[in-house]
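Novice: For reference, the structure I am asking about is given below.
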Amino acid sequence: MTALLQADCVGKHFGRTRVLSAATLRAAEGTLTYLVGRNGCGKSTLLRIVSGELASDSGIVFFRGRPMLRPRWHRLAREGFAYLPDRELLAPNRTVRDHLDMVVRQFGLPGCEGTVETCALGSLLDRRCGSLSEGERRRAEVATVLARRPACLLADEPYRNLDPADRLVIAGALRHLTGEGCAVVVTGHEVEELLASVDTVTWCTDGTTYELGTPQEALAHFRFVSGYVGPARADRLRRELDQRQTGP
Amino acid sequence: MRRVRFPWLPDPRLALRVLLRGALLWGLARAALVAVQLAASKGPPGNLLPMLTPSAALGLIGVVVALGSLESRRLNEHRFLANLGISPFVALLLVMLPAVCGEILVTMLRLP
Numbered sequence: 101m102t103a104l105l106q107a108d109c110v111g112k113h114f115g116r117t118r119v120l121s122a123a124t125l126r127a128a129e130g131t132l133t134y135l136v137g138r139n140g141c142g143k144s145t146l147l148r149i150v151s152g153e154l155a156s157d158s159g160i161v162f163f164r165g166r167p168m169l170r171p172r173w174h175r176l177a178r179e180g181f182a183y184l185p186d187r188e189l190l191a192p193n194r195t196v197r198d199h200l201d202m203v204v205r206q207f208g209l210p211g212c213e214g215t216v217e218t219c220a221l222g223s224l225l226d227r228r229c230g231s232l233s234e235g236e237r238r239r240a241e242v243a244t245v246l247a248r249r250p251a252c253l254l255a256d257e258p259y260r261n262l263d264p265a266d267r268l269v270i271a272g273a274l275r276h277l278t279g280e281g282c283a284v285v286v287t288g289h290e291v292e293e294l295l296a297s298v299d300t301v302t303w304c305t306d307g308t309t310y311e312l313g314t315p316q317e318a319l320a321h322f323r324f325v326s327g328y329v330g331p332a333r334a335d336r337l338r339r340e341l342d343q344r345q346t347g348p
Numbered sequence: 007m008r009r010v011r012f013p014w015l016p017d018p019r020l021a022l023r024v025l026l027r028g029a030l031l032w033g034l035a036r037a038a039l040v041a042v043q044l045a046a047s048k049g050p051p052g053n054l055l056p057m058l059t060p061s062a063a064l065g066l067i068g069v070v071v072a073l074g075s076l077e078s079r080r081l082n083e084h085r086f087l088a089n090l091g092i093s094p095f096v097a098l099l100l101v102m103l104p105a106v107c108g109e110i111l112v113t114m115l116r117l118p
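Chains as they are written, first to last, in this note's numbering: chain W, 101 to 348; chain E, 7 to 118.
Given below as structure tokens:
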């Protein structure tokens with residue numbers, strides 16, 4: 101597996117609080133990676149550093165094998181990188197169609213009808229983003245990053261504020277993107293949905309990260325289970341994953 | 007996917023929007039300047055398009071850039087543009103361009 105994007109030994113502190121000390125993140129082509137961890141453990145900080153939105157104190161980022169001490173979001177984006185932040189991405193006074201058109205024109209795409217259909221945005225295209233509900237806006241944000249067919253996508257909480265049906269829709273879109281060879285990293289606390297759809301799990305805790313392997317391997321990891329998922333929930337998730345693998 | 011010739015520039019429609027915003031901000035900054043001058047002089051309105059000294063013109067352009075940056079952040083545009091491969095520096099240059107052209111034009115019109 102080739103790591104399209106790799107961040108090594110990333111460190112960051114805010115004032116006296118050290119959020120990350122030596123975190124590593126790998127996004128491999130055709131792989132959906134779940135970056136998981138408790139609130140405040142530094143998942144979003146790590147993604148912001150890797151995308152270039154935030155400067156790190158230490159560490160290095162490789163994109164397509166090229167080392168960068170200070171990555172720049174816009175430069176990465178020109179090489180096929182996309183980042184879905186956990187904050188607002190769309191202008192409240194512009195319509196969903198305006199945003200998608202801008203993406204289509206900027207990257208010379210033939211269109212984005214597929215993405216509109218995948219994200220169920222047909223009826224929302226002419227609505228201003230400021231008038232959308234939080235869930236609808238999140239779907240529109242996801243659509244703007246999926247529309248360009250990125251080679252690498254970091255999605256910070258893509259399921260935030262989404263109802264279960266929409267989560268399935270977005271999960272399907274992310275899986276489809278991975279199937280096309282995109283390296284995808286997602287974060288979020290929707291453990292059931294995410295563990296069922298990802299290929300590998302990376303656990304962020306105590307300022308560092310641990311690559312736990314497949315979801316089954318992650319659920320067999322004692323510290324991960326006791327420190328994040330909880331034993332009873334882990335048992336249930338393990339059974340569900342096994343059932344899914346063996347079929348009904 | 008078609009290869010875009012200048013990936014570091016926004017597409018013309020988006021660029022035009024940013025340029026128009028720059029022009030509007032420059033017009034507002036100029037209007038505010040005239041309003042301050044009128045208030046200070048307390049007399050009848052004289053010159054509505056005053057020629058500024060180079061340092062004052064640079065200051066005015068700086069104000070336009072600062073307002074443009076604030077507006078861009080209010081609209082979450084800096085993140086969206088970054089995903090399109092456009093540097094925030096290019097976006098600020100586009101906001102600044104109408105103000106620079108406007109000040110040059112005013113200077114040319116006012117020169118004897």
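Ideal Cβ positions, reconstructed from N, Cα and C, are used throughout, including at glycine.
As the structure is a computational prediction, the values presented were derived from the model and not from experiment.
#1: Starting from W:M168 and walking both ways along the alpha helix (DSSP H), at which residues does that stretch end?
#2: Please identify, using Cβ separations under 8 angstroms, the residues of the stretch 69-100 of chain E that lie next to chain W, in order along the chain.
#3: Any heavy atom of the ligand GTP within a distance shorter than 6 angstroms of the CB on W:T244?
#4: The beta strand (DSSP E) with E:A21 in it runs from where to where?
#5: Could you check if E:M102 is buried or exposed, using at least 16 other CB atoms within 10 Å of its CB as the buried criterion?
#6: Can you give me, in chain order, the residues of the stretch 15-28 of chain E that have a beta carbon less than 9 angstroms from any beta carbon in chain W?
#7: Anyone know if the C-beta pair for W:L312 and W:W303 falls short of 7 angstroms?
#8: Is W:H174 close to chain E, meaning its C-beta is less than 7 angstroms from at least one C-beta of that chain?
#9: Short of 9 angstroms Cβ to Cβ, which residues in the stretch 183-202 of chain W face chain E?
#10: Is there a Cβ of chain W sitting closer than 7 angstroms to that of E:P60, yes or no?
#11: Rounded to whole angstroms, how far is the Cβ of W:T218 from the Cβ of W:A273, which I believe are closer than 8 angstroms?
#12: Entirely within the stretch 172-233 of chain W and at least 3 residues each: give me those beta strand (DSSP E) ranges in chain order.
#13: Among the candidates W:S231, W:R238, W:L189, whose CA atom is the shortest distance from the CA of W:P258?
#14: Can you name the residues of chain E whose CB is closer than 8 angstroms to the CB of W:R205?
#15: Could you name the residues that DSSP lists as bridge partners for W:R126?
#16: Is it right to say W:L254 is buried, meaning 16 or more other beta carbons lie within 10 angstroms of its own, or is it exposed?
#17: List, in chain order, every chain W residue whose beta-carbon is nearer than 7 angstroms to that of E:P13.
#18: In the stretch 234-247 of chain W, which residues sit with their C-beta less than 8 angstroms from some C-beta in chain E, listed in chain order?
#19: State the start and end residues of the unbroken beta strand (DSSP E) segment that holds W:G313.
#20: Taking the C-alpha atoms as reference points, what is the distance between W:L225 and W:R172?
#21: Count the other CB atoms, across all protein chains shown, that sit within 10 Å of the CB of E:L34; report buried if there are 16 or more and exposed otherwise.
#22: According to the Cβ coordinates, are W:D256 and W:L147 closer than 7 angstroms?
#23: Less than 8 angstroms between the CB atoms is what I'm expecting for W:T309 and W:T124, so what's the real figure, rounded?
#24: I believe E:L90 touches W:V203 by the beta-carbon criterion, under 8 angstroms. Please report the beta-carbon distance rounded to the nearest angstrom.
#25: Closer than 7 angstroms by C-beta to W:D108: which residues in its own chain qualify, once you throw out the five before and the five after it? Chain order, please.
#26: For the beta strand (DSSP E) that contains W:S158, what are its first and last residues?
#27: Are there 16 or more other CB atoms within 10 angstroms of the CB of W:H174, so buried, or fewer, so exposed?
#28: By the 10 Å Cβ neighbour count, where 16 or more other Cβ atoms means buried, how is E:T113 classified, buried or exposed?
#29: W:C141 and W:T300: beta carbons closer than 7 angstroms?
#30: Under 8 angstroms by Cβ, that's how I've got E:E109 and E:A37 pegged, so tell me the actual separation to the nearest angstrom.
#31: Apart from the five residues just before and just after W:G235, which ones in its own chain have a Cβ nearer than 8 angstroms to its Cβ?
Specialist: Taking the coordinates as given:
#1: Taking the first residue of the first sequence as 1, we reach residue 168 of chain W at position 68. Run containing W:M168: none in the alpha helix (DSSP H); it sits in the beta strand (DSSP E), 166-168.
#2: L81, N82, E83, R85, F86, L87, A88, N89, L90, G91, I92, S93, P94
#3: The ligand GTP is absent from the structure shown, which contains no ligands of any kind.
#4: Numbered from its first residue, the second sequence carries residue 21 of chain E at position 15. Note, E:A21: premise wrong, no beta strand (DSSP E); alpha helix (DSSP H) at 18-47.
#5: Position 96 of the second sequence holds residue 102 of chain E. Classification of E:M102: buried, given that the 10 Å Cβ count is 16 or more.
#6: P16, D17, P18, R19, L20
#7: Working through the first sequence from its first residue, we reach residue 312 of chain W at position 212. Working through the first sequence from its first residue, we reach residue 303 of chain W at position 203. Their beta carbons are under 7 angstroms apart, which means W:L312 touches W:W303 by this criterion.
#8: Within the first sequence, residue 174 of chain W is the residue found at index 74, counting from 1. True, the Cβ-Cβ gap to chain E drops below 7 angstroms.
#9: Y183, L184, P185, R187, E188, L189, L190, A191, P192, N193, R194, H199, D201, M202
#10: The residue labelled residue 60 of chain E in the question sits at position 54 within the second sequence. Not one chain W Cβ lies under 7 angstroms of E:P60.
#11: Numbered from 1 along the first sequence, position 118 holds the residue referred to as residue 218 of chain W. Numbered from 1 along the first sequence, position 173 holds the residue referred to as residue 273 of chain W. The pair is a contact, with the Cβ atoms about 5 angstroms apart (cut-off 8 angstroms).
#12: 181-184
#13: For the purposes of this step, residue 258 of chain W is taken as the residue at position 158 of the first sequence. Per the Cα distances, W:R238.
#14: By 1-based counting over the first sequence, the position of residue 205 of chain W is 105. Residues of chain E passing the Cβ test: D17, R19, L20.
#15: Position 26 of the first sequence holds residue 126 of chain W. Paired residue(s): W:Q106.
#16: Within the first sequence, residue 254 of chain W is the residue found at index 154, counting from 1. With 16 or more other Cβ atoms within 10 Å, it is buried.
#17: Position 7 of the second sequence, counted from the first residue, corresponds to residue 13 of chain E. Near E:P13 (Cβ distances below 7 angstroms), the residues of chain W are R178.
#18: T244, V245
#19: On the first sequence, residue 313 of chain W is found 213 positions in, with the first residue counted as 1. It spans 308-313 - the beta strand (DSSP E) in which W:G313 sits, taken as one unbroken run.
#20: One-based indexing of the first sequence puts residue 225 of chain W at position 125. One-based indexing of the first sequence puts residue 172 of chain W at position 72. Going from the Cα of W:L225 to the Cα of W:R172 covers about 30 angstroms.
#21: As a position in the second sequence, residue 34 of chain E is number 28, starting the count at 1. E:L34 is exposed by the Cβ-count criterion.
#22: For this step, residue 256 of chain W is matched to residue 156 along the first sequence. For this step, residue 147 of chain W is matched to residue 47 along the first sequence. Contact: yes.
#23: Numbered from its first residue, the first sequence carries residue 309 of chain W at position 209. Numbered from its first residue, the first sequence carries residue 124 of chain W at position 24. That pair is a contact at about 5 angstroms.
#24: Here residue 90 of chain E corresponds to residue number 84 of the second sequence, with the count starting at 1. Here residue 203 of chain W corresponds to residue number 103 of the first sequence, with the count starting at 1. E:L90 to W:V203, Cβ: 7 angstroms. Contact.
#25: As a first step, residue 108 of chain W must be located in the first sequence, where it is residue number 8. Closer than 7 angstroms at the Cβ level, and outside the excluded window around W:D108, lie T124, G159, I160.
#26: Start at 1 with the first residue of the first sequence, and residue 158 of chain W comes out as number 58. That run of the beta strand (DSSP E) goes 158-163.
#27: Counting from 1 along the first sequence, the entry for residue 174 of chain W is found at position 74. Under this definition W:H174 is a buried residue.
#28: Translated into the one-based positions of the second sequence, residue 113 of chain E becomes position 107. Flag for E:T113 reads exposed.
#29: Position 41 of the first sequence, counted from the first residue, corresponds to residue 141 of chain W. Position 200 of the first sequence, counted from the first residue, corresponds to residue 300 of chain W. Cβ atoms of W:C141 and W:T300: not closer than 7 angstroms.
#30: In the second sequence, residue 109 of chain E corresponds to position 103, counting from 1. In the second sequence, residue 37 of chain E corresponds to position 31, counting from 1. About 15 angstroms; that fails the 8 angstroms criterion.
#31: By 1-based counting over the first sequence, the position of residue 235 of chain W is 135. Same-chain partners within the cutoff: N261, L262, D263, D266.
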